[in-house]
Each structure stands twice: as C-alpha cells, then as structure tokens.
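Each remark here refers to the structure printed beneath this line.
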Amino acid sequence: MDVSVIDIIRMFVENNISVVPILDENGVVLNVFAESDIILLAREGLLDELNIPVSEALALRPDDYPGVHSCSQTDTLYSVLDIIRKTHVQRLIVVDDDIRPVGVVALSDVLRALIV
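If you count by the numbering used here, then the sequence shown holds residues 1265 to 1380, one letter each, in order.
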C-alpha cells in the first residue's frame, strides 16, 4: 500500500472510476480506496499532501467504516442486492475463487439491471 493518493486519483480520472482495490503481493484484495476517502483527507486538511501513501490515508477512516465487502462471480443479482443491503455499502468487489478482483458491482448497476 505504498502507492500515493495522487496516483490513485489519477486512476479515478483516467479510467472514470470511483474505487480502486488495494491488493497484496499475490493480487488478493486487502482494502479499497474510494472517492469518499478523499473527503476524509479534506476534513483532515490534507489536500495539499496527496503524495502520502494510501495506507496513511486509509488510517484516517472512522472506526465505523464498513470495510471491504465482496461477492463472487456466481452470485445472483438478488444475493448481491442482499449483501449491499445488509452491509450498507454502495459497491462490492467481485472476486474469483482465489479472492482476486475481477470487477466491481455498484448499487446503481444492480438497480439498472432490475429495471431493464
């Protein structure tokens, strides 16, 4: 987790995304950095220090931060919606059998699928 916050912000902008999984050396999901984490940096007055490692930024999260939640590639739409409902998160990291990320599913994706 030595990557800097500014590098992750560049990923957000260049890829039109709002969350980046943080992986260990084996590619297993350890955490996520989301746009909402930038708001925490602003609250702490750290917007001038975006070169800090993402690990330092993640340490600023409140104790009640919901954490990283995931689903598998084989979960149904309704099971994904149930996980989102129970965990009060906006998105899940989709992982394979080895807990390596293969995508992200957001609440908006689920709602879109329900009305199509």
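Every residue, glycine too, gets a C-beta built ideally from N, C-alpha and C.
Assumed close pair F1297, I1286 - CB separation to whole angstroms, cut-off 8 angstroms = About 6 angstroms separates the two Cβ atoms, so the contact holds.
Collapsed DSSP secondary structure at S1336 in the structure displayed | strand
Are the stretch 1303-1313 and the stretch 1321-1340 touching, with three or more C-beta to C-beta distances below 8 angstroms?
-> yes
If we ignore side chains and look at the alpha-carbon of each, how far apart do I1357 and K1350 end up?
-> 15 angstroms
Using three-state DSSP, classify R1376 as helix, strand or coil.
-> helix
Which of helix, strand or coil DSSP assigns to N1315 = coil
Candidates I1272, S1334, L1314 and L1310: which alpha carbon is nearest V1366's?
-> When each option's Cα is compared against that of V1366, the closest is S1334.
Rounded separation between N1295 and P1330 - CA only = 11 angstroms
Rounded straight-line distance, which links the Cα of I1272 to that of V1293 = 16 angstroms
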